[in-house]
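Comments concern the structure below.
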Amino acid sequence: MSPTPSPIPSPIATAQQALDAEPQSIDAPLSAAAAFLILVVKDDEASLATARDVVGSTDDLVKDVRIRANGGVFTCNVGISHRAWGPLTGKPAPRELAPFKEVRGAKHTAVATAGDLLYHIRADSTGVIVEFEKLLLEAFGDAATAIDDVAGFRYFDGRDLLEFVDGTANPDGLDLPEATIVGSEDPAYAGGSYVVIQKYLHDLSAWRAQSVETQQGIIGRNKFDNTELPDATEGQKSHKTLCTIEDADGEHDILRDNMPFAVPGRGEYGTYFIGYCRHLWVIDRMLERMFVGDPPPLHDRILDFSKAVAGVTFFAPARKFLSGLAD
Ligand code: HEM
19 MSPTPSPIPS PIATAQQALD AEPQSIDAPL SAAAAFLILV VKDDEASLAT ARDVVGSTDD
79 LVKDVRIRAN GGVFTCNVGI SHRAWGPLTG KPAPRELAPF KEVRGAKHTA VATAGDLLYH
139 IRADSTGVIV EFEKLLLEAF GDAATAIDDV AGFRYFDGRD LLEFVDGTAN PDGLDLPEAT
199 IVGSEDPAYA GGSYVVIQKY LHDLSAWRAQ SVETQQGIIG RNKFDNTELP DATEGQKSHK
259 TLCTIEDADG EHDILRDNMP FAVPGRGEYG TYFIGYCRHL WVIDRMLERM FVGDPPPLHD
319 RILDFSKAVA GVTFFAPARK FLSGLAD
């Protein structure tokens, strides 16, 4: 008897699968302005129902505002934390989703802080972001409280406030979805992405007291032309080297869209770190190497000038999953 031929996948089923797994705007280009809005949702059923509805209607609100932005960039990604996942979605959590793990090194700590929802909003200008946030927070009403709202801006040459170009080694082309979008390893959540945020405050006067050579050694790149410095083979490693994760499967990338933020009148200068990844363990490993050191206790010297004051992990599900939460 001849073997039964395997069924040819129907083009409609394939198209449907692709639609179900369409990611949010993870790959949006680096923008001139951004906001990182962190919300905590109240635990009562009425608040959860409101939050479900608002979160599920995000795409509609984005459209309402985007059309008024006269064709400029305007995107918004929503992430849901481990604590809020069950109550908000009623579904089991994505495979790797867990609360942000505090990483305690000999000298510095990556603190874990509160947060149920992340709104990562990117646009050409702050005005449109403020308009969106105003409408969004009105829609949440008393159901959620904003516990942080950081306005990021693009600094000269795409530099952070330590004055180094930030974002260079980000994956692009086909490497980008490969590094950031969950696939068949977790079919129920294909199209989603793990998102980690950390808020860092810089001690700029201490940083500026360092020679450019010392700063370059800490980052691992030339300050002026952004070219890479060779990796140290032993002893103190640069930030770039500590954040390069390699194993038998090759190098594991993440996508960063860090933004500087500042309130000069209060002496506040910082970097808001945001990393999107397909496998959460990759960012966990980077944090371990930065804070504990490789080898311990040789931590990332960027931390001697940058204090982590917030840290939360989220999952940004596929677009269709998100819109399915609305009534
Ligand atoms: C104070 C906060 C931080 C600042 C100012 C900062 C800045 C930078 C700069 C200037 C570079 C070199 C250029 C580039 O490739 O973008 C870099 C590389 C990188 N950073 Fe950070 N970073 C910060 C925190 C983090 C954190 C918390 C992580 C991950 C948990 C991270 C992951 C990476 C990765 C993956 C690279 C690229 C490494 C490679 O060359 O392959 N960074 N960062």
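Its first residue numbered 19, the sequence shown is counted upward by one per residue in my numbering.
All C-beta atoms, glycine included, are put in the ideal place defined by N, C-alpha and C.
As the structure is a computational prediction, the values presented were derived from the model and not from experiment.
As assigned by DSSP and simplified to three states, the class of residue i
i: I26; result: coil
i: I364; result: Here the chain covers residues 19 to 345 and nothing more, so residue 364 does not appear.
i: M19; result: Since pLDDT at M19 reaches only 49, below the 50 mark, its modelled position is unreliable, and the value read off the structure follows with that caveat. Looking at M19 - three-state DSSP - the assignment turns out to be coil, as it is neither helix nor strand.
i: S223; result: helix
i: H257; result: helix
i: F54; result: strand
i: D78; result: helix
i: E264; result: strand
i: E149; result: helix
i: F242; result: coil
i: R274; result: strand
i: R177; result: strand
i: E203; result: coil
i: T32; result: helix
i: V183; result: strand
i: A130; result: coil
i: E252; result: coil
i: E40; result: coil
i: R172; result: coil
i: A116; result: coil
i: A46; result: coil
Check: residue i C-beta below 8 Å from any heavy atom of ligand 1
i: S229; result: no
i: G191; result: no
i: D216; result: At residue 216 the sequence reads Gln, which differs from the Asp that was named. Checking the Cβ of Q216 against ligand 1 gives yes.
i: L180; result: yes
i: K258; result: yes
i: D275; result: no
i: N88; result: no
i: H317; result: no
i: D221; result: no
i: L305; result: yes
i: S324; result: yes
i: E156; result: no
i: F118; result: no
i: F291; result: yes
i: A187; result: yes
i: V183; result: yes
i: T262; result: yes
i: I44; result: no
i: D271; result: yes
i: N244; result: yes
i: I301; result: yes
i: I320; result: yes
Option in the options with minimal Cα separation from residue i
i: G293; options: P282, A69, V330; result: V330
i: P278; options: H297, G268, Y218, L79; result: Y218
i: R122; options: A334, A344, L321, G342; result: L321
i: A208; options: S75, A53, A334; result: A334
i: A46; options: E120, S28, G283, D142; result: D142
i: H270; options: T232, S324, R296; result: R296
i: I139; options: Y290, E252, D267, L192; result: Y290
i: A128; options: L305, F171, P205; result: L305
i: D265; options: W299, S256, L247; result: W299
i: D175; options: P282, K325, A344, K241; result: K241
i: G104; options: T93, A250, E63; result: E63
i: E246; options: E40, A187, E203; result: A187
i: D345; options: L48, P41, S75; result: S75
i: A280; options: V230, R84, D167; result: D167
i: G285; options: A31, P112, C261, L222; result: L222
DSSP beta-bridge partners of residue i
i: I98; result: L135, F333
i: S143; result: Partner(s): none; S143 has no beta bridge.
i: K325; result: L219
i: S211; result: A334
i: I292; result: I215
i: F279; result: G288
i: R319; result: Note: R319 sits in no beta bridge, so no partner.
i: A164; result: L57
Min CB distance residue i to chain D below 9 Å
i: A227; result: Of the protein chains in the structure, only one exists, and it is not chain D.
beta-carbon residue i near ligand 3 non-hydrogen atom, thresh 8 Å
i: R239; result: As presented, the structure is devoid of ligand 3, carrying ligand 1 as its sole ligands.
Expected contact under 8 Å - CB spacing of residue i and residue j to nearest Å
i: S99; j: D134; result: 5 Å
i: I165; j: I56; result: 5 Å
i: A162; j: V58; result: 7 Å
i: L180; j: H220; result: 6 Å
i: I237; j: H257; result: 5 Å
i: A50; j: R177; result: Between R177 and A50 the Cβ distance is about 14 Å, and since that is not below 8 Å, they are no contact.
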